[in-house]
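K.L.:
Dumping the structure here so I can ask a few things about it.
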Amino acid sequence: MSDNEERRIEEYLRWTYPDFREKMKGSLKQRLWYYVERTTGKRSLTAFLKQKTTLTLMSGLPTMLGSMLRGITYRSILGDIGSSTLIEKNVHFNIPKKVFLGNRVIIGENCYFDVMVPEGEIQLKDEVDIGRHCTLQSGPGSLCLNESVRIGPFSQLFGCGGLTIGRNSLTARNVIILSGHHIYEDPSIPIRSQGHKLKQVQIGEDVWIGANTVVMPGVTIGDGSVIGAGSVVTKGVQPYSVAVGVPAKAVKKRRC
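This note's numbering puts the last residue of the sequence shown at 1425; the count rises by one with no breaks.
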C-alpha cells in the first residue's frame, strides 16, 4: 500500500455516517447536491446528467447486443474500458470515473460498483469475470482484481481499507471479503456514529475461496491456497495451505 493510500485511509472518519447524516439534515437543495457528489464524485450537474442519462438509456438493454453496446458507450462515463468487455444489464455505478476495466472483462447483471469517495478506485484487470448480483466497494482504499480473477455470484467485496486479489484466483458464490469494521468501544455513542477501523486484505495468486466464506479485515492469504466452504478467515494463511473451519485453520499443504 502506498503512503498516499495509507493517508487516505487514516482520514476515513470524515466520510462515515455522522458526516452523511449531517449533510442529509440540510435543505432539499443541499441534499440534492450531496446526491450529485455521492454519485459522480464532484459538484457538477453536467457530469451528473451525462452519467444518469447514459445509464438510464443503456443499462436495461437485453441480450448480448446490449452487453456489447454498454462496453462501448460506457467509455464516456467510466475511467477506462478495454476492448471486448461485456457488461450485462442493470449494472450500477457510483463515481464511475474511478472504475477502470481491462480487456475482455465480463460483468454479470445486477452488480453494484460503489466507489464511496473520490479518493478510492476499483480496478479490474484483463479477463476478470464478475458473477451476477455482486457488490464491489472501495474508498478511501482501492479494490484491485488482477488478471483472470473470477468472482462467484452474490459475492460482496468491501475494499474500503484496501483489497487486492492476485492473478488466476477465484471465489465461489456468496463470498464476503471485509477490509474494515465498525468502532464500538464507547457504549455512550451509537455504534454507527463511531466510525470504522480499516485494515488491508491481500489475497495471492491462484487462490480458491469456497462458497459462503467470510474473510475478515487485515488478513493475508498466500499464493496457491484453498479456503474450504463456509470458513471464516480471521488470520493469515500461508502459501499453498488448505484451510477450513470457523475460525479457519490450515489442515494440510497442497502437494506439488
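In this text, a Cβ means the ideal position worked out from N, Cα and C, and glycines have one as well.
#1: Could you check if Tyr1204 is buried or exposed, using at least 16 other CB atoms within 10 Å of its CB as the buried criterion?
#2: What are the boundary residues of the beta strand (DSSP E) that Ser1236 is part of?
#3: Tell me the DSSP bridge mates of Asp1142?
#4: Excluding the 5 residues preceding and the 5 following Asp1295 in the sequence, name in chain order all residues of the same chain whose CB lies nearer than 8 Å to its CB.
#5: Distance check for Ser1410 and Pro1231, CA to CA, integer angstroms please.
#6: List the residues that DSSP assigns as beta-bridge partners of Asp1298.
#7: Can you list, in chain order, the residues of its chain whose CB lies under 7 Å from that of Lys1418, leaving out five sequence neighbours each side?
#8: Using DSSP with H/G/I as helix, E/B as strand and the rest coil, what is Ile1346?
#9: Residues in its own chain within less than 8 Å of Val1402 by CB, not counting five upstream and five downstream?
#10: Return the chain-ordered list of same chain residues with a C-beta closer than 8 Å to the C-beta of Ser1228, the five sequence neighbours on each side being excluded.
#11: Let's see if you can read the secondary structure: which residues bound the beta strand (DSSP E) around Lys1198?
#12: Where does Glu1288 land, buried or exposed, given buried means 16+ other C-beta within 10 angstroms?
#13: On a Cα-Cα basis, can you pick out the residue from Gly1379, Ser1236, Arg1336, Asp1355 that is closest to Phe1323?
#14: Got a sec? Which residues, its chain only, sit under 6 Å from Thr1340 by beta carbon, not counting five neighbours each side?
#15: Between the C-alpha atoms of Leu1312 and Arg1336, what's the straight-line distance to the nearest angstrom?
#16: Assuming Ile1346 contacts Leu1332 under a Cβ cut-off of 8 Å, what Cβ separation, rounded to an integer in Å, is found between them?
#17: With H, G and I counted as helix, E and B as strand and the rest as coil, what does DSSP make of Lys1221?
#18: By Cβ distance, which residues of its chain are closer than 7 Å to His1350, with the 5 residues on each side in sequence left out?
#19: Just reading off the beta strand (DSSP E) that Leu1367 is part of, what are its end residues?
P.N.:
The relevant details are as follows:
#1: exposed
#2: Segment 1232-1242 is the alpha helix (DSSP H) holding Ser1236; no beta strand (DSSP E) there.
#3: With the chain covering 1170 to 1425 only, the question about residue 1142 has no answer from this structure.
#4: Gly1251, Gly1271, Asn1272, Arg1273, Val1274, Glu1316, Ser1317
#5: 42 Å
#6: Ile1275, Arg1319
#7: Ala1412
#8: strand
#9: Thr1382, Val1383, Val1384, Met1385, Val1388, Ile1390, Ile1396, Ala1412, Pro1416, Ala1417
#10: Arg1239, Lys1258, Asn1259, Val1260, His1261
#11: Run containing Lys1198: none in the beta strand (DSSP E); it sits in the alpha helix (DSSP H), 1197-1209.
#12: buried
#13: Gly1379
#14: Ile1320, Gly1321, Ser1324, Ile1378
#15: 14 Å
#16: 6 Å
#17: helix
#18: His1365, Lys1366, Pro1386
#19: 1365-1367
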